Amino acid sequence: MNWFWLSLVYVLFLVCAELINKVSITDKRIDEVVFGASVQLTTGIFCLFLSFFLGWNFTFSTESVVLFAGMSITYIVAVSMYFRGLKHIDISRVSILSSLGSIWSLIMGLVILREQMTLMKVIGVLCIGAAGVVVSLKKQKVQLDLYTLLILGATVFYALGAVFDKRLNSYGTPLSYITLSFSFVGIGILLVFANRTKAAFKKTFKMMQFWRGILVNGALYSLGFTALFEAYNRGGEVSRLYPITHSTAVMVPILGIVILKERGNVVQKMLATGILLVGLWTIGK
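Okay, structure coming up:
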């Protein structure tokens with residue numbers, strides 16, 4: 001199986017996980033940042049369990065430790081921003097806005113990793129950017145409230161995180177790296193947001209919906225991200241692979257409208273999804 005098909009395996013699991021994330025944190029009694037951190041930590045635990053059967057291999061060096069520290073900080077910021085925005089915005093809109101990270105991934109892939117620039121990549125990214133503008137329009141003006149800005153900010157850090165992932169993945173097996181990265185990020189968020197973690201003992205940790213969500217998503221993320229990092233190992237470029245994985249932004253809006261009944265601005269969302277699909281197809285060529 002080549003890198004392209006592995007990235008689609010990742011997409012399948014992530015679509016399911018994103019819907020579960022939204023449903024789980026809709027309850028006001030569940031703290032969204034603590035939930036996001038717990039999903040990260042649970043994913044790390046699942047991967048650690050799998051590594052006992054599939055083997056462990058990660059090389060620690062001065063360079064890998066420095067890169068690992070940068071990766072951890074980057075994802076702590078990204079995950080906390082993303083889940084705060086997700087709680088207050090329709091998943092269909094969040095998914096399309098998140099695809100704007102493809103623009104940053106192209107820039108970072110070219111500048112930092114020296115990946116090749118192609119016309120198809122540029123056209124694809126422009127289409128994705130146009131989709132983000134369309135879904136943000138309200139009465140012919142771009143709407144940028146706090147939670148929209150949080151999602152947009154998270155896309156920058158997620159794209160930067162993909163650069164760290166590409167570099168760090170070469171120091172060991174995908175499963176070993178995922179175990180370390182998700183565990184450290186999850187613990188890091190719980191420590192950075194200690195007040196939220198402490199308050200979670202009164203409500204969040206008592207909710208069965210919370211535990212179901214993190215356990216199911218821990219399994220989905222562990223399998224999905226193992227496929228993603230194996231795709232990196234098999235030749236997937238950040239500037240090409242990252243946008244393809246965001247084809248979740250095509251499926252999630254449709255499922256959000258159908259399953260979660262997010263019927264507001266349906267025509268606008270579907271138009272943005274269509275433009276996004278063209279962009280993703282182009283950038284994957």
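The sequence shown begins at 1 in UniProt numbering and counts up by one. We put the beta carbon where it would ideally sit given N, CA and C, even for glycine. Quick caveat, the model's predicted, so the values are computed rather than measured.
Original post:
So, do the segment 49-65 and the segment 212-219 have three or more beta carbon pairs nearer to each other than 8 Å?
Top reply: no
Original post:
With distances taken between CB atoms, is the gap from T282 to C127 smaller than 8 Å?
Top reply: yes
**OP:** Mind the definition here: the segment 155-162 touches the segment 4-24 only if three or more C-beta pairs lie below 8 Å; say whether that holds.
**Re:** no
Original post:
If we ignore side chains and look at the alpha-carbon of each, how far apart do F68 and S183 end up?
Top reply: 12 Å
Original post:
Tell me which same chain residues have a C-beta within less than 8 Å of the C-beta of Q140, skipping the five on either side of it?
Top reply: Below a pLDDT of 50, predicted positions are generally treated as unreliable, and Q140, at 48, falls in that range; no measurement from the model is reported.
**OP:** State the DSSP-derived secondary structure class of L97, mapped to helix, strand or coil.
**Re:** helix
Original post:
DSSP puts G172 in a beta bridge; with which residues?
Top reply: F58
Original post:
How would you call V33, buried or exposed, if buried means at least 16 neighbouring beta carbons within 10 angstroms?
Top reply: buried
**OP:** On a CA-only basis, which of I96, E63, G188 is nearest Q268? Give me that one, please.
**Re:** I96
Subject >> Exposed unless 16 or more other CB atoms sit within 10 angstroms - verdict on R29 >> reply: exposed
**OP:** With a threshold of 16 other CB atoms inside 10 Å of the CB of V11, please say whether the residue is buried or exposed.
**Re:** buried
Original post:
So what does DSSP say about N2, is it helix, strand or coil?
Top reply: coil
**OP:** Determine the direct distance from the alpha carbon of G279 to that of K198, and round the result to whole angstroms.
**Re:** 43 Å
**OP:** Closer than 6 Å by C-beta to T204: which residues in its own chain qualify, once you throw out the five before and the five after it? Chain order, please.
**Re:** I30, D31, V34, F210
Original post:
Exposed or buried, what is I275 when buried is set at 16 or more other beta-carbons lying within 10 Å of its beta-carbon?
Top reply: buried
**OP:** Please go through the same chain and pick out, in chain order, the residues whose beta-carbon is closer than 6 Å to the beta-carbon of C16, but skip the five residues on each side of it.
**Re:** L220
Original post:
When the Cα atoms are used, what is the spatial distance from L41 to K87?
Top reply: 20 Å
Subject >> Residue from I123, S92, G129, M1 with nearest C-alpha to V266 >> reply: S92
**OP:** Please name the residue, chosen from I151, N233, V134, that lies closest to P174 on a Cα-to-Cα basis.
**Re:** N233
Original post:
Can the beta-carbon of G172 be found less than 8 Å from the beta-carbon of I76?
Top reply: no
**OP:** Pull up the distance between the alpha-carbon of V79 and that of M208, whole angstroms please.
**Re:** 22 Å
Original post:
From F49 to S38, what distance separates their C-alpha atoms?
Top reply: 16 Å
Original post:
Do you know whose CA, among R196, V192, F229, lies nearest T179's CA?
Top reply: F229
Original post:
Is the distance from the Cβ of G85 to the Cβ of A154 below 8 Å?
Top reply: yes
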